[in-house]
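Residue numbers (the working numbering): 220 to 703. Backbone N, C-alpha and C fix where the C-beta goes; we use that ideal spot for every residue, glycine too. All values derive from a computational prediction rather than experimental measurement. Data first, discussion second: the structure below is written as structure tokens.
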Amino acid sequence: MVRKTKNIVKRELSTPDGVVFYSFLSKTTGPIIELEEHVNNMILSSQPYNTVKSKASDLAKFYDYFIEASHVLHSTDYQLEIQKNRALSASQQLRSALTLIFNAYPSYLLDAKESKNALAKLCAHNLDASPLQRTSAKRMISSMCEFVGASNALEHSLRQQKRLDGLLEVDQNLTSVAHELGAMRELSFKERKSLIENSYLASCISGGAKVSKIKNFFRLPPETKSKKEKHFPIEHIGSFLLNTKFHRDRAMYALCFGGGLRMSEATSIRFCDVDVINEEVKLHDKGTISYLENIDYKTVSGKSIEHFTVHLVEPFKSFFFEELRLYLENERPDSESEYIFLQSRGIRNVVSGHFVYQPYYRSSQSTIKDAWESNLKRANLTDEMFKKLKTHSMRHFYAMYMLNFAPSYDRRGIQRFGYTLEEVKHFMRHSALKSTKIYAKEDISKMKRALAQTNNLLKQREVSFYEGMTEASLTNLVSESDCL
Numbered sequence: 220m221v222r223k224t225k226n227i228v229k230r231e232l233s234t235p236d237g238v239v240f241y242s243f244l245s246k247t248t249g250p251i252i253e254l255e256e257h258v259n260n261m262i263l264s265s266q267p268y269n270t271v272k273s274k275a276s277d278l279a280k281f282y283d284y285f286i287e288a289s290h291v292l293h294s295t296d297y298q299l300e301i302q303k304n305r306a307l308s309a310s311q312q313l314r315s316a317l318t319l320i321f322n323a324y325p326s327y328l329l330d331a332k333e334s335k336n337a338l339a340k341l342c343a344h345n346l347d348a349s350p351l352q353r354t355s356a357k358r359m360i361s362s363m364c365e366f367v368g369a370s371n372a373l374e375h376s377l378r379q380q381k382r383l384d385g386l387l388e389v390d391q392n393l394t395s396v397a398h399e400l401g402a403m404r405e406l407s408f409k410e411r412k413s414l415i416e417n418s419y420l421a422s423c424i425s426g427g428a429k430v431s432k433i434k435n436f437f438r439l440p441p442e443t444k445s446k447k448e449k450h451f452p453i454e455h456i457g458s459f460l461l462n463t464k465f466h467r468d469r470a471m472y473a474l475c476f477g478g479g480l481r482m483s484e485a486t487s488i489r490f491c492d493v494d495v496i497n498e499e500v501k502l503h504d505k506g507t508i509s510y511l512e513n514i515d516y517k518t519v520s521g522k523s524i525e526h527f528t529v530h531l532v533e534p535f536k537s538f539f540f541e542e543l544r545l546y547l548e549n550e551r552p553d554s555e556s557e558y559i560f561l562q563s564r565g566i567r568n569v570v571s572g573h574f575v576y577q578p579y580y581r582s583s584q585s586t587i588k589d590a591w592e593s594n595l596k597r598a599n600l601t602d603e604m605f606k607k608l609k610t611h612s613m614r615h616f617y618a619m620y621m622l623n624f625a626p627s628y629d630r631r632g633i634q635r636f637g638y639t640l641e642e643v644k645h646f647m648r649h650s651a652l653k654s655t656k657i658y659a660k661e662d663i664s665k666m667k668r669a670l671a672q673t674n675n676l677l678k679q680r681e682v683s684f685y686e687g688m689t690e691a692s693l694t695n696l697v698s699e700s701d702c703l
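Written as structure tokens, this is what we have:
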């Protein structure tokens, strides 16, 4: 169950026209305008719905922690904790209050209630937080850094606000902040809480302008390299495809295995993207997602691509076109949609009485996930390793296969197996080589075979060297040694 935030309320709303927008409300100080502006600007700039939804959730949880931490810093419990440790007590004199909050955030995410950082531990207890996986923590930190970095434009207005509204200067050390707070008139609990929260929020928003690289605040512990493969095992692909229930799903999976398509790309293929005569497939430019095209916005997903050419490899190429034929002849509902793959269930039009079938790309992530897991079970692929393999493992397989096993020819016309990393980058439609390196991994067994082959060649050369020496040359060699 998803944990609700304690200090902040996040709402996903829509206008009467269906336009999506987000609202963030602090339970103490009211709307958080700068956060609303940042998230809603992502929608205006055509970022995919799932991306915006994820970042909105990350930032709501960060603000929940940030607000809680701003109050914990001035609590009796925190003062007692730091008094137990001289090093902690000394750090209060050296670091700004804002730095203390930022520095505790990674431990709050990774360790939660077991954290050795007093601030992180107390916040985790107050918010009932549980430890996150490293990948989730990295994503949340990335979302937060992006927000703080993008908030530089608000720096001037926030400085003006500090002067006009009399906010605390929390960019100084915690002791100074406490003195400044104590020098004010006697405040009610609500006034004190509101002043502290507003002060810290203002400094958080303007933090990006003071730090050249906000990510320098967040040094995660060294990561243990995972030995688990991310690609679908090559020896099980045939069984998986042949046991997949529907021709539609077989065709889509074949595109992902044989062309490296993302699932979001395979589900949105149109008739005009497929050349049956020449057996070619291309992707299409979805164009800029209009903010007002609300009927599609929540189902549009995917990343930008460098080009639209798909390099389909055998046997997946032949398998795709055969399954496509069977799908169109036997399964596809009667529809004039330009999209090839449609949802199986239609919605009856109350006026005409006819069923309308939506494109499959509009299906929820849970629907696609359930179909994937069901097909794995049909193929009896139920081991622990398959529980962690998602649809994206097909794209990982394509990259690994193209790098290690795909037949190709070099400039001299000599056959080889595997393309160069730069060539795989093109096939994957990546704009940066570093993205390709995440997918295209050297096959360890292939490397071992190559090493063994090299060792055998060296041994053969060594043997032939001695075998090629005549008896006379050996006699001369012995005679020369006797003369020394």
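Rounded to whole angstroms, how far is the Cβ of residue i from the Cβ of residue j, which I believe are closer than 8 Å?
| i | j | result |
| --- | --- | --- |
| K458 | A598 | Contrary to the premise, residue 458 reads as Ser rather than Lys in this sequence. With a Cβ gap of about 5 Å, S458 and A598 count as contacting. |
| A356 | A343 | About 13 Å separates the two Cβ atoms, so there is no contact after all. |
| Y638 | L622 | 6 Å |
| M619 | G479 | Contact flag wrong, Cβ pair sits at about 10 Å. |
| S554 | L561 | 6 Å |
| A279 | I227 | 6 Å |
| K225 | D283 | 6 Å |
| A625 | V532 | 6 Å |
| V575 | V529 | Incorrect: roughly 29 Å between the Cβ atoms, too far for contact. |
| D277 | R353 | Incorrect: roughly 15 Å between the Cβ atoms, too far for contact. |
| L292 | L338 | 7 Å |
Strictly by DSSP, which residues pair up with residue i?
| i | result |
| --- | --- |
| F243 | K229 |
| F459 | F459 pairs with nothing; no bridge assigned. |
| D468 | Bridge partners of D468: none, in fact. |
| D494 | E499 |
| R581 | Bridge partners of R581: none, in fact. |
| F636 | P626 |
Tell me whether residue i sits in a helix, a strand or coil according to DSSP, three-state version.
| i | result |
| --- | --- |
| V367 | helix |
| S326 | helix |
| T248 | coil |
| Y576 | coil |
| D333 | Here residue 333 is Glu; the residue named in the question, Asp, does not match the sequence. Helix, per DSSP. |
| T224 | coil |
| L502 | coil |
| I566 | strand |
| V238 | coil |
| K429 | The predicted model places K429 with a pLDDT of 44, which falls under 50 and marks its position as unreliable, so this point remains unresolved. |
| Y558 | strand |
| T528 | strand |
| F451 | coil |
| R489 | strand |
| S289 | helix |
| S264 | coil |
| S315 | strand |
| D347 | coil |
| D705 | The question about residue 705 has no answer here: the residues shown for the chain are numbered 220 through 703. |
| E484 | helix |
| S294 | coil |
| R353 | helix |
| R648 | coil |
| K303 | coil |
| S654 | helix |
| E533 | coil |
| G479 | coil |
| S361 | helix |
| S571 | coil |
Quick one: does the C-beta of residue i sit closer than 7 Å to a heavy atom of the ligand HEM?
| i | result |
| --- | --- |
| E542 | For the ligand HEM, the structure offers nothing, since it holds no ligand at all. |
Every unbroken beta strand (DSSP E) inside the segment 586–632 [3 residues or more]: 626–628
Stretch pair the segment 465–477 + the segment 631–647: three plus CB contacts closer than 8 Å: no
Sufficient close CB pairs (3 or more, under 8 Å) joining the segment 612–622 to the segment 586–596: no
Contact the segment 285–299 vs the segment 320–337: 3+ CB pairs below 8 Å: yes
Three or more C-beta pairs below 8 Å linking the segment 533–541 and the segment 549–556: no
Three CB pairs or more closer than 8 Å across the segment 565–583 and the segment 486–497: yes
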